[in-house]
Ligand code: DX5
Ligand code: ZN
């Protein structure tokens with residue numbers, strides 16, 4: 028699968044979000060990654076459906092919305108209405124994961140499942156055939172700019188192996204501490220969507236940053 032880059036607007040300047048999104052779109056981004064945090068599931072608060080709705084007309088890129096919230100079912104209709112293209116929910120927040128995935132799909136949104144660094148891949152083996160995307164956290168979610176956790180790499184390999192064995196079209200995304208160096212390791216392990224917050228938005232030349240993460244020179 029082609030490598031896709033999903034800049035996370037968590038590290039963008041929120042006072043000029045429109046410009047920040049257009050900048051990475053021009054710079055070759057494939058998705059816009061939107062980090063939603065509720066101050067309960069993770070120790071930080073960010074944005075809700077209103078901001079997703081506000082940025083929807085600003086870009087033609089798919090909005091890849093990462094829900095780091097408890098009881099995500101309560102907000103799926105609102106994020107779908109706001110214009111999310113992907114909605115990803117954490118396995119750790121979903122006691123009825125299969126139901127939640129199908130609830131997302133009923134809203135004609137692509138469904139993703141997310142695993143924290145310590146959560147085993149076996150937790151999603153029985154829903155893999157139902158999802159469009161698996162997101163493997165390579166940091167503990169909550170903040171941008173953290174250090175990549177290398178022990179997640181074998182999990183990427185394992186998901187890639189399951190996807191191949193079952194002949195599925197599931198995207199494998201990684202999120203947290205991704206830069207030009209760690210991106211290589213993730214791609215080698217089988218990831219095809221790379222989220223990058225600080226490695227894109229902390230650089231003045233976002234196009235060059237995106238190229239470096241993708242591995243183009
Ligand atoms: C972390 C978020 C990430 C974050 C990544 O909780 O889910 O999407 O923005 O930021 P970097 O790339 O700086 O680690
Ligand atoms: Zn994220």
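Numbering (our numbering), first residue to last: 28 to 244. Virtual Cβ for every residue (Gly too), placed ideally from N, Cα, C.
Per DSSP, the unbroken beta strand (DSSP E) holding residue 138 starts and ends at 137-142. In this model, residue 237 and residue 227 are separated by some 6 Å (Cα to Cα). Here residue 228 carries a helix assignment [DSSP, helix/strand/coil]. Taking residue 142 as the centre and dropping the five residues before and after it, the same chain places the C-beta of 118, 163 closer than 6 Å to its C-beta, in chain order. The Cβ neighbour count for residue 35, taken over all protein chains shown within 10 Å, is at least 16; the residue is labelled buried. Shown here, residue 160 sits in a strand according to DSSP, grouped into three states. Looking from the CA of residue 80, the closest CA among 99, 45, 55, 198 belongs to 45. Annotated three-state conformation of residue 112 is coil, per DSSP. The distance from the Cβ of residue 63 to that of residue 92 is about 6 Å, consistent with a contact at the 8 Å cut-off. Restricting attention to 160, 175, 158, 198, the CA atom closest to the CA of residue 166 is found in 175.
Residue pairing by DSSP places residue 221 opposite 32, 201 in a beta bridge.
Counting the other Cβ atoms within 10 Å of the Cβ of residue 49 gives fewer than 16, which makes it exposed. In the DSSP secondary-structure assignment, residue 59 is bridged to 90. In chain order, the residues with a C-beta atom nearer than 5 Å to some heavy atom of the ligand ZN are 62, 93, 202.
Not one heavy atom of the ligand DX5 falls within 7 Å of the beta-carbon of residue 149. Less than 8 Å divides the Cβ of residue 195 from the Cβ of residue 155. When only Cα atoms are considered, residue 234 and residue 168 end up about 26 Å apart. When C-beta atoms of the segment 185-199 are compared with those of the segment 133-152, three or more pairs fall below 8 Å, so the two segments count as touching.
No Cβ-Cβ contact shorter than 8 Å links residue 240 with residue 212.
Listed in chain order, the non-local C-beta contacts of residue 130 below 8 Å within the same chain comprise 100, 103, local neighbours out to five positions each way being set aside. Secondary structure note for residue 126: its alpha helix (DSSP H) is the uninterrupted segment 124-133. In this structure, DSSP gives residue 65 an extended state, which the three-state scheme calls strand. Taking a C-beta distance under 8 Å as the contact criterion, residue 187 and residue 207 do not qualify as a contact pair.
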